[in-house]
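All remarks here apply to the structure that follows.
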Amino acid sequence: MTEPNENQLKDYYGTALHKEEYEFLLSLEVLTGSQIPSLQNLNRNMYGFIAQKGRILALALQGQALEVIPESIGDLKSLNYLWVANNKLTNLPQNLTQLTAFSQLHIQYNGFTIVPEWFKDFTMLKALNIGGNPLEEIPSWISEIKTLEYLYLFGLNLQEIPEWVKLMTLLTRLVLYKNLLTEIPSWISELKNLRELTLGDNLISELPDEIGNLRNLIELSLYRNNLSNLPDSYKNLINLQDLNIFGNKLSILPEWIGNLSKLSNLIISKNNLSELPVSIIKLKNLRTFWLEENNWKEFKPEINSWMEELKSNGCRIKN
């Protein structure tokens, strides 16, 4: 009689998995009360796993009322992505730091009151999402995670951006929406690699000129603040593709908007605008242009022609 092969793959509802992955999913089933679905890619539902060659690479467990994650998650040798949003977690198994491929951790909207200090032991972590937790503080040692490129600090009642963030020079995405920010520090320009900056749903009435120095910026979200103008230095954001200034107090859209020739999404709805600058007709690549809920006068003929051309090219216009 042959001995059972420890490396033999096991069938998990049609997906061949190594023993460690198989047993981990069975332990998860006990907690969730149902089968964990296999996914081809992560979708908005964010519930299931992605596996290749019998190994789980990504795990999404959104909205399952989980209070714990099984310790055996540390056996998933190839796991690189964990999304456990909207649960009841207050901690995670520390053996996650043993996973050498692990690079993305999303724990938003749980019950964390502290960020576990062992998080800084991750050696390859690129994304950390701690938004929407009842945190007592945002620890400065996060800046010691030198590999971080994406940092999500939304929904944390922040009144200012922690100064240690300026040490995180590898950041390409900084997400700070739904806080209590009233100003943005000038040192933001030290984050030279930023490609996405999200500052929506705050209390900001004035922006620093220095944001105009973020030449790699592709996406700038400023929606639902108290802005009445945009600094002239922002004409230097020549790589910008997405600009969202919905729900502010702008009465003038600056003439330099036409300099941002790479813009593909421009949202200026719900401001106090009455006319568009003629320079806007230089924006030939727009795919989304929302401008409703303003105080528009009749547009100039060249602007009407430009908007008709955009529509014929497939641009979604809301006016």
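Heads up: the sequence shown runs through residues 50 to 368, numbered per this note's numbering. All residues carry an ideal CB built from backbone N, CA and C; glycine is no exception.
Check                                                                                                                                                        : Outcome
Which whole-angstrom value describes the C-beta separation of Ile116 and Lys137, a residue pair presumed to lie in contact below a C-beta threshold of 8 Å?  : The amino acid at residue 116 is misidentified as Ile; the sequence shows Glu. Between Lys137 and Glu116 the Cβ distance is about 5 Å, and since that is below 8 Å, they are a contact.
Can you check DSSP and say which residues form a bridge with Gly97?                                                                                          : Ala109
Going by Cα to Cα distance, which pick from Leu332, Leu322, Val133 is closest to Phe348?                                                                     : Leu322
Tell me which residues share the same chain as Val224 and place their Cβ nearer than 6 Å to its Cβ, disregarding the 5 neighbours each side in the sequence. : Tyr201, Phe203, Thr247
Locate the beta strand (DSSP E) running through Tyr71, then write down its first and last residues.                                                          : It is not in any beta strand (DSSP E) - Tyr71 instead sits in the alpha helix (DSSP H) that spans 68-81.
Thinking just about the alpha-carbon of each residue, which of Glu255, Asn242, Pro280 is nearest to the one in Ile267?                                       : Asn242
How should Pro53 be labelled, buried or exposed, when 16 other C-beta atoms within 10 angstroms of its C-beta is the threshold for buried?                   : Bear in mind that the predicted position of Pro53 carries a pLDDT of just 38, short of 50, making it unreliable; the figure below should be weighed with that in mind. Under this definition Pro53 is an exposed residue.
Which value, in whole angstroms, describes the spacing of the CA atoms of Thr51 and Gln143?                                                                  : Because the pLDDT at Thr51 is just 33, under 50, the model does not fix this residue reliably, and the point stays unresolved.
Thinking C-beta only, is Ala134 closer than 8 Å to Met95?                                                                                                    : yes
Straight-line CA distance for Leu197 to Ile122?                                                                                                              : 22 Å
Hey, Lys319 and Asn288: beta-carbon distance below 8 Å or not?                                                                                               : no
Using the Cβ count rule (16 or more neighbours within 10 Å means buried), how would you classify Asn344?                                                     : exposed
With DSSP run on the structure shown, which of helix, strand or coil describes Ile329?                                                                       : helix
Specify the secondary structure class of Asn144 as computed by DSSP and reduced to three states.                                                             : helix
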